[in-house]
Amino acid sequence: MFLLTGLIAGSPVIAAPTQQSKAALRQADLLIAKNNYRQAIEQLNWAIRADPNSAEAYCKRGKAYFLLEEIDDSVRDLDRAIKLKPSLAEAHFERARVFGEVGQVAIALKQSDKAVALAGKATPYTWYQDRAAWFMQQGEIASALLAYDKALLINPSDSWLHYFRAAAYFKVARYKDALMDLSKISSADTGVLARVLDLRASCYDKLGQPDLAKTARKAAEANVKRQLIDIEPEK
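Following our numbering, the numbering of the sequence shown begins with 459 at its first residue and continues without gaps.
See the structure below:
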């Protein structure tokens, strides 16, 4: 009896299946963040084997397949995640992204409505950004602006969000509002700066300020040239 107790006490501790699954999920998140989608899928395969009822694992694997543009596999996993856990907001939104990718924007918006309702105050700003883009595709500029407003309430320093909202303002002839958004974009963000300057020039054109438009276009051209010099390989 004492020997048996000692053997049990000295045995290695084996993690429960759900613990193994959660560890694999954490690792998969890190790999997805680094764009290592295949490796993430391998971790998620382990997670699902350890816990076949893990809606989160199916959801994340569906997301990884989507990022690899393997749509059929993505849909299969996301549908499985929703079936296992209908309240999983992320699965609904990732499913919406699939619809958006294949051009079914109206369905994407409807699916994302449910995701946002489930997530509530925890809704990520990127969901509102995607919804705004879908509204823009539908030609629903007012709804897109509302979505951009919500995204910027969560992440007010995002330069691309300000640029996209400015572009939406421009479409509905709200040129001064567009200029206000463009003025909030950091000049250090070279990836967006040339577009900002070009859109600013277009706004000045519409407002009847050709001199300011000309100055903005010259600055845009100079920015593009600087970027070309930066990426030109050394000889």
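Every residue gets a Cβ at the ideal spot worked out from N, C-alpha and C, and that includes glycine. It should be emphasised that the depicted structure is a prediction, and the values quoted were computed from it without experimental measurement.
Assign Val737 to one of three DSSP states: helix, strand, or coil.
-> Any answer about residue 737 is impossible in this case: the structure gives the chain only from 459 up to 693.
So Leu542 and Tyr516 are in contact, right, with Cβ under 8 Å, and what is the actual spacing, rounded?
-> 7 Å
From Leu502 to Glu679, what distance separates their C-alpha atoms?
-> 46 Å
Just the C-alpha distance for Asp656 and Tyr583, rounded to the nearest angstrom, thanks.
-> Each residue's alpha carbon lies about 26 Å from the other.
Expressed to the nearest angstrom, what Euclidean distance is found between the alpha-carbon atoms of Trp592 and Lys568?
-> 11 Å
Helix, strand or coil: how does DSSP classify Glu527 here?
-> coil
DSSP three-state call for Asp571: helix, strand or coil?
-> In the structure shown, Asp571 sits in a helix (DSSP, three-state: H, G or I).
Pick from Leu611, Arg555 and Trp504: whose alpha carbon is nearest that of Glu528?
-> Arg555
Counting along the chain, where does the alpha helix (DSSP H) carrying Val556 start and finish?
-> Ala547 to Glu559
Please work out which residues of its chain come closer than 8 Å, Cβ to Cβ, to Asp596, disregarding the five sequence neighbours upstream and downstream, and give them in chain order.
-> What sits at residue 596 in the sequence shown is Gln, not Asp. Around Gln596: Val563, Ala564 and Leu567.
If you draw a straight line from the C-alpha of Ser644 to the C-alpha of Gln587, how long is it?
-> 19 Å
Stretch pair the stretch 660–679 + the stretch 625–637: three plus CB contacts closer than 8 Å = Yes, they touch.
Where does Ile643 sit, in a helix, a strand or coil, going by DSSP?
-> Secondary structure at Ile643: coil, using DSSP grouped into helix, strand and coil.
By the 10 Å Cβ neighbour count, where 16 or more other Cβ atoms means buried, how is Ala482 classified, buried or exposed?
-> Ala482 should be labelled buried.
Provide the residue span of the alpha helix (DSSP H) that contains Asp588, from first to last.
-> Where Asp588 is concerned, the enclosing alpha helix (DSSP H) starts and stops at Tyr583 to Gln596.
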